[in-house]
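Peer 1:
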Ligand SMILES: NC(=O)c1ccc[n+]([C@@H]2O[C@H](COP(=O)([O-])OP(=O)(O)OC[C@H]3O[C@@H](n4cnc5c(N)ncnc54)[C@H](O)[C@@H]3O)[C@@H](O)[C@H]2O)c1
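Residue numbers (our numbering): 112 to 356.
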């Protein structure tokens, strides 16, 4: 599939969770579209391979760490003079039914998904305000809107991201900043842990009849991150083959 042609020349972009899956394809999209692409992930080895593969910058960052997040945003601004786009994509699963869920499983999932999104947003806002420009794209999930057995922590985090997206969209609109979320499904490692028969069942419930390729998710994120999408804010765009209809 060809790249959707938006021009990101001279735009500095951070993609979190970029070592594999959706994040890697999002980073590739921006790199191909001329951006200064900064990929971050806490899996340093995979990240290095991924960044080398697409010729972007790779930074081992744990989105749960305020210090590491702020250091990366500071470095991007120092090196390039701006931070224009943040894609909050990093994610983990710690699935189990609620009565077996430990504090650690709860805290980790909230800290990566909702906490990471909060930390990058907070770190970028002073720069966005100065530039009077910014794009944030957060990644939520069908589970956040509809629930899923074994995922009380993940559903809470992903529903929280919806509220966070709408709140920050309202807070930042006056500064030329848009904040949107996407709700994807895609064939990635995250989905690979679902048993084959359950996967077939899910795919059968998707009107388009299959999971997305990560490139299809990247194209939607790229659109929302473009200058051209400047009148769209506070939305949750399902990129899910019609699943949520
Ligand atoms: N694949 C799907 O169908 C689907 C559906 C709904 C939502 N999502 C969301 O899309 C996003 C990407 O998912 P994916 O399917 O590509 O998963 P993935 O597991 O393939 O990739 C997630 C990446 O995030 C990184 N990561 C995890 N914790 C991190 C941390 N603390 N700091 C930095 N990096 C960290 C991982 O190392 C990994 O490289 C996630 O937020 C996920 O919840 C995916």
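Each residue gets a CB set at the ideal place from its N, CA and C atoms; glycine is no exception.
(1) Starting from the C-beta of residue 261, find all residues in its chain whose C-beta is less than 7 Å away, skip the five residues before and the five after it, and write them out in chain order.
(2) In this structure, how does DSSP classify residue 237 when only helix, strand and coil are distinguished?
(3) Relative to the alpha-carbon of residue 147, which residue among 166, 284, 232 has its alpha-carbon at the smallest distance?
(4) Roughly how many angstroms lie between the CA atoms of residue 277 and residue 315, to the nearest whole one?
(5) Give a single yes or no on whether residue 299 has its beta carbon closer than 6 Å to a heavy atom of ligand 1.
(6) Quick one, which of 236, 188, 287 has its alpha-carbon nearest residue 122's?
(7) Which residues share a DSSP beta bridge with residue 248?
(8) Mind listing, in chain order, the continuous alpha helix (DSSP H) runs of no fewer than 4 residues lying wholly within the segment 146 to 190?
(9) Hey, would you say the C-beta of residue 341 is under 6 Å away from at least one heavy atom of ligand 1?
(10) Taking Cβ positions, are residue 132 and residue 299 nearer each other than 7 Å?
(11) DSSP beta-bridge partners for residue 297?
(12) Taking the alpha carbon of residue 332 as the reference point, which residue from 292, 235, 341, 296 has its own alpha carbon closest?
(13) With a threshold of 6 Å on Cβ separation, who are the neighbours of residue 246 within its own chain once the five nearest residues in sequence on each side are excluded?
(14) Just verifying my parser: in three-state terms, what is the DSSP assignment at residue 114?
(15) Less than 7 Å separating the beta-carbons of residue 223 and residue 264?
(16) By the 10 Å Cβ neighbour count, where 16 or more other Cβ atoms means buried, how is residue 305 classified, buried or exposed?
(17) Mapping the DSSP letters down to three states, classify residue 335 as helix, strand or coil.
(18) Should residue 269 go down as buried or exposed, given a rule of 16 or more other Cβ atoms within 10 Å for buried?
(19) Give me, in chain order, the residues of the same chain whose beta-carbon lies closer than 6 Å to that of residue 114; leave out the 5 immediate sequence neighbours on both sides.
(20) Taking Cβ to Cβ, would you say residue 171 is nearer than 7 Å to residue 155?
(21) Within 6 Å: the Cβ of residue 187 and any heavy atom of ligand 1?
(22) Which of the three DSSP states, helix, strand or coil, is assigned to residue 127?
(23) Thinking C-beta only, is residue 180 closer than 7 Å to residue 225?
(24) Of all the options 184, 164, 354, 324, which has the alpha carbon lying nearest to the alpha carbon of residue 125?
(25) Is it the case that the CB of residue 200 approaches a heavy atom of ligand 1 more closely than 6 Å?
Peer 2: Well, looking at it:
(1) Apart from sequence neighbours up to five positions away, the residues of its chain that approach residue 261 with a beta-carbon distance below 7 Å are 206, 207, 208, ordered along the chain.
(2) Secondary structure at residue 237: helix, using DSSP grouped into helix, strand and coil.
(3) From the listed residues 166, 284, 232, the smallest Cα separation to residue 147 is found for 166.
(4) If I take the Cα positions, the gap works out to 31 Å.
(5) At least one heavy atom of ligand 1 is nearer than 6 Å to the Cβ of residue 299, so yes.
(6) Taking each of 236, 188, 287 in turn and checking the Cα distance to residue 122, the smallest one comes out for 188.
(7) Answer by DSSP bridge pairing, in chain order: 198, 291.
(8) As summarised for the segment 146 to 190, the continuous alpha helix (DSSP H) elements at least 4 residues long and confined to that stretch are 155 to 165, given in chain order.
(9) False, no ligand heavy atom lies under 6 Å from that Cβ.
(10) Cβ atoms of residue 132 and residue 299: closer than 7 Å.
(11) BP columns for residue 297 point to 323.
(12) Residue 332 has its Cα closest to that of 292, out of 292, 235, 341, 296.
(13) Non-local beta-carbon contacts of residue 246 in its own chain, meaning distances under 6 Å to residues more than five positions away in sequence, involve 196, 289, 336 in chain order.
(14) Unreliable positioning characterises residue 114 in this predicted model, as indicated by a pLDDT of 49, which lies under 50. A coordinate reading is not provided.
(15) Against a cut-off of 7 Å, the Cβ pair of residue 264 and residue 223 comes out as no contact.
(16) Of the other Cβ atoms in all chains shown, fewer than 16 fall within 10 Å of the Cβ of residue 305; this residue is therefore exposed.
(17) In the structure shown, residue 335 falls within a helical segment according to DSSP collapsed to helix, strand and coil.
(18) Buried, because 16 or more other Cβ atoms sit within 10 Å of the Cβ of residue 269.
(19) Note that residue 114 has pLDDT 49, beneath the 50 cutoff, so the model's placement of it is unreliable and the number below is only indicative. The beta carbon of residue 114 is closer than 6 Å to those of 143 in its chain, skipping five residues each way along the sequence.
(20) Going by beta carbons, residue 171 and residue 155 fall inside the 7 Å limit.
(21) Residue 187: no, Cβ never under 6 Å from ligand 1.
(22) In this structure, residue 127 counts as strand in the three-state DSSP scheme.
(23) Contact annotation: residue 225 and residue 180 have beta-carbon atoms that are not nearer than 7 Å.
(24) When only C-alpha atoms are compared, the closest one is 184.
(25) It does: the Cβ of residue 200 is within 6 Å (strictly closer) of some heavy atom of ligand 1.
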